[in-house]
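Using our numbering, the letters of the sequence shown map in sequence onto residues 4 to 394.
From the three backbone atoms N, C-alpha and C, an ideal C-beta is built for every residue, glycine too.
Below is one structure, written out as structure tokens; comments come after it.
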Amino acid sequence: MILKQEIYLDNAATTKPTKAVVQEMVQCLEHIYGNPSSVHRLGVEAERVVTRAREAVAGILKANPKEVIFTSGGSESNNLAIKGAAYALAKRGKHIITSEIEHSAVYSLCQDLEEDGFEVTVLPVDKEGIVQTNDLKAALREDTILVTIMYVNNETGAIQPIEEIGKVIDAAKEANKIPLWHVDAVQALGKIPLYPAKMGINMLSLSAHKAHGPKGIGALYISKGTPLHPQISGGGQEMGLRSGTENVPAIAGFRAAVSDFKEMQQDAKHMAKLRQMLVEGILKNIPDTRLNGLPPGNEQAAPHIANISFTGVRGEVLLHSLEGEGIFTSTGSACSSRKAVEHRVLNAMGLSNEEMEGAIRFSFNAQNSEEEVVIVIEKLKEIVKELRSFA
Numbered sequence: 004m005i006l007k008q009e010i011y012l013d014n015a016a017t018t019k020p021t022k023a024v025v026q027e028m029v030q031c032l033e034h035i036y037g038n039p040s041s042v043h044r045l046g047v048e049a050e051r052v053v054t055r056a057r058e059a060v061a062g063i064l065k066a067n068p069k070e071v072i073f074t075s076g077g078s079e080s081n082n083l084a085i086k087g088a089a090y091a092l093a094k095r096g097k098h099i100i101t102s103e104i105e106h107s108a109v110y111s112l113c114q115d116l117e118e119d120g121f122e123v124t125v126l127p128v129d130k131e132g133i134v135q136t137n138d139l140k141a142a143l144r145e146d147t148i149l150v151t152i153m154y155v156n157n158e159t160g161a162i163q164p165i166e167e168i169g170k171v172i173d174a175a176k177e178a179n180k181i182p183l184w185h186v187d188a189v190q191a192l193g194k195i196p197l198y199p200a201k202m203g204i205n206m207l208s209l210s211a212h213k214a215h216g217p218k219g220i221g222a223l224y225i226s227k228g229t230p231l232h233p234q235i236s237g238g239g240q241e242m243g244l245r246s247g248t249e250n251v252p253a254i255a256g257f258r259a260a261v262s263d264f265k266e267m268q269q270d271a272k273h274m275a276k277l278r279q280m281l282v283e284g285i286l287k288n289i290p291d292t293r294l295n296g297l298p299p300g301n302e303q304a305a306p307h308i309a310n311i312s313f314t315g316v317r318g319e320v321l322l323h324s325l326e327g328e329g330i331f332t333s334t335g336s337a338c339s340s341r342k343a344v345e346h347r348v349l350n351a352m353g354l355s356n357e358e359m360e361g362a363i364r365f366s367f368n369a370q371n372s373e374e375e376v377v378i379v380i381e382k383l384k385e386i387v388k389e390l391r392s393f394a
């Protein structure tokens, strides 16, 4: 039973599907139930749904539909890109470059590859959580086969200098066509225009549920000619790169979600305004707080994420206190927050243990309102004051 108005500020973890997404999926479940590989009418109808969705996703990327394959989500897309490229190019080299702030789907995978004989260089970040191109230049070697650096950090919202990184990688490619470049763009989808071909990106990972689509469906952009070893063997679906019967209802939902990106620029401005209100309201009205990441107005700050530390308060306790008021937030990455792990990203940015323990991530969607932000700030003032009185 819902007792209070719910204010959902955990959109970096997942977003609520739009009505159009739900309707499209229900329609598909009820009527488009054929296997896309079947040659009869029901199969052809299902195949058309997949084709339309592939064209829609390719459209927002300004890519060829043949360069888009569907996966079960961002983690699988990352695994296919990184493992697939690593094993395809293992004879040319075994050196991979990544960063300290990658999502666990990338960071843990790189650790697994180290156990399999690959060498991984992990780039540091500055105090704002930004990878420095000079560090990338210094790390590149003749046997570097892959660079994997995310677009938007899921904990702090730091937008990485993708264009500058691309120039460094392009210069290295002039010699021997490697390294390949993979970008985890899961948190950028629907907030920042994504044009991988223009930026020279070889592979780019997406996940529908971060942009008001369904869970369990993602995509991987793979530029033409990129060598990749499939990670799932079977019937050869998805151009031979990802076997298994396609999840047609989820794919249809993905198409409905990306079809709603027409107001992306306006939505991003709205979320950036909410972020500014929240950050300035907290820092002004609640003592001993700090923003972890870039300030409002900085072009490298994603519009929808604000990570703030409340000194003297445990983040998990604050999270549940807010939940009691109908406000939903997070202490970090949803894929790691239930595990007793160190705050790897915040630690890489140089935060103290106390600052890391008191960190809360607020993440917006375009339907959040200024009124909600005002309520959140007022509730935070009350709760933080009360929790600190117990310390």
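Taking all protein chains in view, the Cβ of residue 194 is crowded by 16 or more other Cβ atoms within 10 Å, so the residue is classified as buried. For residue 224, the enclosing beta strand (DSSP E) covers residues 221-225.
When only Cα atoms are considered, residue 66 and residue 72 end up about 12 Å apart. When DSSP assignments are scanned along the stretch 60-124, the uninterrupted stretches of alpha helix (DSSP H) that are 4 or more residues long and fall wholly within it turn out to be 77-91 and 107-118. In the DSSP annotation of this structure, the continuous segment of the alpha helix (DSSP H) that includes residue 137 starts and ends at 136-142.
Burial check for residue 245: the Cβ neighbour count within 10 Å reaches 16 or more, so the residue is buried. For residue 86, the CB contacts under 6 Å within the same chain, skipping 5 residues up- and downstream, are 234 in chain order. Taking 8 Å as the cut-off, the Cβ atoms of residue 223 and residue 92 do not count as close. If the five residues before and after residue 128 are omitted, its C-beta is found closer than 7 Å to the C-beta atoms of 102, 103, 104, 134, 351 and 352, all from its own chain and listed in chain order.
Annotation for residue 186: the continuous beta strand (DSSP E) segment containing it runs 183-187. Within the same chain, Cβ atoms closer than 7 Å to the Cβ of residue 14 are found at 307, 366, 367 and 368, the five residues on either side in sequence being excluded. When the beta-carbon positions are compared, residue 148 and residue 203 stay at least 8 Å from each other. Contact between residue 57 and residue 39 does not hold, since their C-beta atoms are separated by about 11 Å, which reaches or exceeds 8 Å. Taking a contact as a CB-CB distance under 8 Å, the pair residue 171 and residue 100 does not count as one, their CB atoms being some 10 Å apart.
Residue pairing from DSSP places residue 13 in a beta bridge opposite 366.
Just so you know, the alpha carbons of residue 10 and residue 207 end up roughly 32 Å apart.
Here residue 182 is buried, its C-beta having at least 16 other C-beta atoms within 10 Å.
With a 10 Å radius around the Cβ and a threshold of 16 neighbouring Cβ atoms, residue 274 comes out buried. By the criterion of a C-beta distance shorter than 7 Å, residue 328 is surrounded in its chain by 7 and 382, once the five residues flanking it on both sides are discounted. Closest in C-alpha terms to residue 110, from the list 379, 347, 392 and 330, comes 347. With a cutoff of 8 Å on beta-carbon distance, residue 118 and residue 98 are scored as not near each other. Comparing alpha carbon positions, the residue from 391, 25 and 176 closest to residue 253 is 25.
Assignment of residue 153 by DSSP, reduced to helix, strand and coil, places it in the coil class.
Separation of residue 227 and residue 55 (C-alpha to C-alpha, rounded to the nearest whole angstrom) is 20 Å. According to DSSP, residue 206 shares a beta bridge with 185 and 225.
Close CB contacts of residue 18 within its chain, under the 7 Å cut and outside five residues either way in sequence, are with 212, 213, 214, 215 and 368 (chain order). Closest in C-alpha terms to residue 315, from the list 392, 189, 35 and 303, comes 392.
When the beta-carbon positions are compared, residue 296 and residue 120 stay at least 8 Å from each other.
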